[in-house]
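Reviewing the structure listed below.
There are 2 protein chains.
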Amino acid sequence: MQDTLPNSLALQQAIQAKINFKTKPLGALGYLETIALQIGLIQKTDTPQLINPHILIFAADHGIAKEGVSAYPQEVTWQMVYNFLNGGAAINVFTKQNAITVKVIDAGVNKTFDDLPNLIKAKIDYGTQSFLHSKAMTLAQLEACRTEAQRLVREVMETTQANIIGFGEMGIGNTSSASLIMHCLTGIDLKLCIGRGTGLDDEQLQNKYAILNRAVAHHSIDTHLPYEVLQTFGGFEIAMITEAMLEVAQKNGIIMVDGFIATAAFLVAQKVNPSILKNAIFCHQSDEKGHHLLLEYLQAKSLLQLNMRLGEGTGCAVAYPLIQSAVNFLNEMASFETAGVSNKD
Amino acid sequence: MQDTLPNSLALQQAIQAKINFKTKPLGALGYLETIALQIGLIQKTDTPQLINPHILIFAADHGIAKEGVSAYPQEVTWQMVYNFLNGGAAINVFTKQNAITVKVIDAGVNKTFDDLPNLIKAKIDYGTQSFLHSKAMTLAQLEACRTEAQRLVREVMETTQANIIGFGEMGIGNTSSASLIMHCLTGIDLKLCIGRGTGLDDEQLQNKYAILNRAVAHHSIDTHLPYEVLQTFGGFEIAMITEAMLEVAQKNGIIMVDGFIATAAFLVAQKVNPSILKNAIFCHQSDEKGHHLLLEYLQAKSLLQLNMRLGEGTGCAVAYPLIQSAVNFLNEMASFETAGVSNKD
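Line order of the protein sequences matches chains A and B.
The opening position of the first sequence corresponds to residue 2 in our numbering, with each subsequent residue numbered one higher.
The opening position of the second sequence corresponds to residue 2 in our numbering, with each subsequent residue numbered one higher.
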């Protein structure tokens with residue numbers, strides 16, 4: 002098959018036929034078949050390839066963290082950045098196992114970092130403003146998030162030929178941002194969008210709800226404007242992930258979507274460019290309360306449901322071998338004909 | 002920590018503490034934490050290792066296949082054996098990707114095979130008898146399944162030091178065997194135990210139900226005797242898998258349980274030796290109708306739910322990287338202390 006079929010329907014039928022004539026009952030590889038077809042359509046070929054998978058971890062701090070919405074103190078953000086750089090975090094273990102390249106980006110951590118070999122410096126500011134009092138960021142800062150994220154994605158994709166990129170995040174307080182973005186852009190009741198994050202107890206969860214409720218009341222924003230929602234409630238890491246995802250889709254790559262916060266960033270991207278859905282593989286349904294509703298809203302099904310709730314891109318990293326399996330069966334399995342196996346009548 | 006802690010509770014607490022002090026919120030790796038703890042307990046250490054993973058595919062034919070219970074003709078069993086040996090099947094693709102050794106065993110295929118380098122010959126007979134008319138196998142044949150399976154598992158574990166083994170099967174008609182075993186040993190309504198197998202339509206499914214209903218009526222067996230159920234309705238591949246699983250548990254290995262048929266074989270093993278559950282990791286919940294009820298009965302949760310229904314051990318092969326991830330995070334992640342990250346108060 003040529004890479005330049007005249008139209009996508011013919012391509013779709015060709016890939017589907019190739020899947021159907023593999024030596025297995027029709028549909029017997031389930032969701033892996035869906036993924037194989039999707040990747041074939043993205044790459045416009047029935048012999049797709051995954052090249053140089055990357056996970057980009059964006060870290061930033063949040064003004065709202067000082068209001069007591071998280072179980073952990075804000076300094077954990079920069080401490081975890083060092084942990085990423087030193088190879089001690091979960092995402093390091095899983096990406097090493099699955100041969101995925103990790104990059105760590107300071108998108109706006111409340112700490113001045115030295116020049117460190119594996120740290121990409123793209124600090125917008127030392128954390129966002131608390132959205133209890135003002136918009137989280139200025140328009141200029143939002144614009145800077147876009148510029149930096151686009152530059153970074155272009156560099157990765159152009160210098161390494163990477164065609165599949167996942168996104169992780171680190172930022173104490175960022176489930177609060179994600180919940181508010183979800184609430185504003187989906188219309189789902191705020192209470193259903195709020196979860197325990199890194200481990201709030203019942204009383205702390207009540208408090209988080211009260212604070213986020215006040216935040217919603219404080220702003221009168223047009224919820225039809227995804228960028229206004231992002232500017233008001235976003236974090237720098239969330240805004241950069243949104244823009245990076247849009248850029249990957251623009252360059253026809255595969256986006257691995259991680260958990261609750263990454264999916265909130267994806268939601269903004271999807272409101273900006275609805276066709277981005279065709280480039281997205283949802284890797285893991287988080288245990289964080291709002292995530293399954295958010296995936297439902299996007300009509301998305303995740304590859305994994307492991308009750309994880311860690312962020313960092315860990316869902317992408319552990320799901321990656323399944324995506325590779327989908328591509329591999331399409332390229333490597335025998336057909337009924339070549340294997341001399343009788344097909345169903 | 003020594004490998005010889007005085008009791009298993011102390012070991013459990015030590016492993017759990019190690020998990021809890023990794024740089025992540027408590028419980029944030031979800032089901033991977035459960036698996037890590039389980040493997041630590043099996044191996045009696047907080048630094049477990051997976052060594053030389055194997056998948057053993059047992060193939061056999063079934064007398065019942067001639068009664069029209071499958072969408073595919075019986076010769077597909079031996080044709081797929083050749084496909085396994087030639088590396089063209091889904092299981093070959095996935096095991097190659099994940100560095101798992103595959104062995105193919107002729108447990109009772111209706112075909113005389115030449116001596117082939119990768120085929121293990123353990124043929125009990127050229128297929129079972131149809132359980133519409135008699136027991137599927139004789140007691141001597143059931144005993145032979147045990148001897149062959151034990152010998153095989155011992156050889157694999159002793160010569161390669163493999164400590165994690167998955168089991169696949171191939172046998173046209175074997176969902177019928179699995180449904181009857183499930184029905185007899187769980188008491189779940191027969192209709193709920195029967196599915197479309199490799200792809201029956203509604204009328205064929207009705208027919209399968211009628212046939213299996215007749216089979217149940219034909220035999221008066223004591224459903225408290227798992228081996229009698231296995232002898233009556235089993236296939237040679239199912240019986241060998243049951244015995245092989247028991248042997249792996251006996252030798253303190255990890256059993257990867259695949260889909261519906263492999264879980265039916267496990268059910269027999271679990272009735273023989275209930276403690277086998279602690280050695281079992283359930284890899285994938287099949288799309289085959291009875292499987293989720295069977296897992297529920299065993300109070301088991303599968304790592305994956307990908308709507309696959311292929312057998313061959315494919316669920317084990319694609320789940321393996323997640324099991325490796327569980328072991329890796331336990332061994333390789335930094336603790337709060339070593340990473341200098343603040344823990345929750």
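Backbone N, C-alpha and C define an ideal beta-carbon position, used for all residues, glycine too.
Worksheet item: Could you give the distance in angstroms between the alpha-carbon of K290 of chain A and the alpha-carbon of I195 of chain A?
Response: 6 angstroms
Item to complete: Check the Cβ-Cβ distances between E156 of chain B and every residue of chain A, and say whether any is below 7 angstroms.
Response: no
Worksheet item: Relative to the C-alpha of A218 of chain A, which residue among A:D202, A:C185, A:L201, A:L226 is closest?
Response: A:C185
Discussion item. Please tell me whether M257 of chain A has its Cβ less than 7 angstroms away from any Cβ of chain B.
Written reply: Not one chain B Cβ lies under 7 angstroms of M257 of chain A.
Practice prompt. Give the interface partners of S178 of chain B over in chain A, defined as CB-CB distance under 8 angstroms, in chain order.
Written response: Correct list: empty, because the minimum Cβ distance to chain A is about 17 angstroms.
Practice prompt. Scan the region 143 to 184 of chain A and note each continuous beta strand (DSSP E) run of 3 residues or more that stays entirely inside, going in chain order.
Written response: 165 to 171
Discussion item. Let me confirm a value: T161 of chain B is counted as buried when at least 16 other C-beta atoms fall within 10 Å, else exposed. Which label applies?
Written reply: exposed
Worksheet item: Given that G31 of chain A touches chain B, what residues does it touch there, using C-beta distances under 8 angstroms?
Response: D288, L307, N308, M309, R310
Discussion item. I want to verify the contact list: residues of chain B whose CB lies under 9 angstroms from the CB of M81 of chain A, in sequence order.
Written reply: T24, A340, V342
Discussion item. Give me the chain B residues within the contact set of T199 of chain A, using Cβ-Cβ distance strictly less than 8 angstroms, ordered along the chain.
Written reply: Chain B residues near T199 of chain A: P26, A29, K345.
Item to complete: Determine the direct distance from the alpha carbon of N99 of chain B to that of Y321 of chain B, and round the result to whole angstroms.
Response: 7 angstroms
Item to complete: Below 7 angstroms CB to CB, which residues in the same chain sit around L213 of chain A once its five sequence neighbours on both sides are set aside?
Response: Same-chain partners within the cutoff: S177, S180, L181, L191, I195.
Discussion item. Against P74 of chain A, what residues of chain B qualify as contacts under a CB-to-CB distance less than 7 angstroms, listed in chain order?
Written reply: Going along chain B in sequence order, the residues near P74 of chain A (Cβ under 7 angstroms) are S343.
Worksheet entry | Bridge partners - F261 of chain B, DSSP secondary structure assignment | Looking at the DSSP assignment, F261 of chain B forms no beta bridge with any residue, so it has no partner.
Worksheet item: What residues from chain A crowd round E68 of chain B, counting only those whose CB sits closer than 8 angstroms?
Response: Those do not exist, as E68 of chain B stays about 16 angstroms from chain A at its closest Cβ, beyond 8 angstroms.
Worksheet item: Under a Cβ-count criterion, where at least 16 other Cβ atoms within 10 Å of its own Cβ denotes burial, should T78 of chain A be classed as buried or exposed?
Response: buried
Discussion item. Do G254 of chain B and N164 of chain B count as a contact pair if the criterion is CB distance below 7 angstroms?
Written reply: yes
Item to complete: Quick one: list the residues of chain A neighbouring A91 of chain B, beta-carbon separation under 7 angstroms, in chain order.
Response: Among the residues of chain A, those whose CB is under 7 angstroms from the CB of A91 of chain B are K25, L30, F330, M334, following chain order.
Discussion item. My output table needs one value for M2 of chain A: the three-state DSSP class, helix, strand or coil.
Written reply: The predicted model places M2 of chain A with a pLDDT of 45, which falls under 50 and marks its position as unreliable, so this point remains unresolved.
Item to complete: Name, in chain order, the residues that DSSP records as bridge partners for S343 of chain B.
Response: DSSP, once it has assigned bridges, lists no residue as partnering S343 of chain B.
Worksheet entry | Rounded C-alpha distance that separates E144 of chain B from Q13 of chain A | Approximately 51 angstroms, taken between the alpha carbons.
Discussion item. Spatial neighbours of A72 of chain A within its chain, please: C-beta separation below 6 angstroms, excluding the five flanking residues on both sides.
Written reply: T199, G200, L201
Discussion item. Strictly below 7 angstroms CB to CB, what residues from chain B border S326 of chain A?
Written reply: F95, Q98, V319
Worksheet item: Are any of the Cβ atoms in chain B nearer than 7 angstroms to that of N208 of chain A?
Response: No - not a single Cβ of chain B is within 7 angstroms of the one on N208 of chain A.
Practice prompt. Express the C-alpha separation of S326 of chain A and I52 of chain A in angstroms, rounding to a whole number.
Written response: 14 angstroms
Worksheet item: F261 of chain A and H285 of chain A: beta carbons closer than 7 angstroms?
Response: no
Worksheet item: Roughly how many angstroms lie between the CA atoms of M81 of chain A and K252 of chain B, to the nearest whole one?
Response: 41 angstroms
Worksheet item: Does the beta carbon of N21 of chain B come closer than 7 angstroms to any beta carbon on chain A?
Response: no
Worksheet item: For A266 of chain A, which residues from the same chain have a beta carbon less than 6 angstroms from its beta carbon, with the 5 sequence-adjacent residues on both sides left out?
Response: The answer, listed in chain order, is I239, I242, T243.
Worksheet entry | Neighbour list for P49 of chain A in chain B, Cβ cutoff strictly below 7 angstroms | Going along chain B, no residue has its Cβ under 7 angstroms from P49 of chain A, so there is no contact; the nearest lies around 14 angstroms.
Worksheet item: Assuming A66 of chain A and M334 of chain B make a contact with CB atoms under 8 angstroms, what is their CB distance in whole Å?
Response: With a Cβ gap of about 24 angstroms, A66 of chain A and M334 of chain B do not count as contacting.
Discussion item. How far does the alpha helix (DSSP H) with I58 of chain A in it extend, from its first residue to its last?
Written reply: No alpha helix (DSSP H) contains I58 of chain A, which is instead part of the beta strand (DSSP E) from 55 to 61.
Fill in: Nearest-angstrom beta carbon gap, V154 of chain A and A245 of chain A [assumed within contact, 8 angstroms]
5 angstroms
Discussion item. Per DSSP, what are the beta-bridge partners of F281 of chain A in this structure?
Written reply: The residue asked about is misnamed: residue 281 of chain A is Ala in this sequence, not Phe. In the DSSP output, where bridge partners are listed per residue, A281 of chain A has A:I256.
Worksheet entry | Where the alpha helix (DSSP H) containing K23 of chain A begins and where it ends | Careful: K23 of chain A lies outside any alpha helix (DSSP H) and carries neither H nor E.
Discussion item. Can you tell me whether K302 of chain B is helix, strand or coil according to DSSP?
Written reply: In the three-state reduction of the DSSP assignment, K302 of chain B falls in the coil class.
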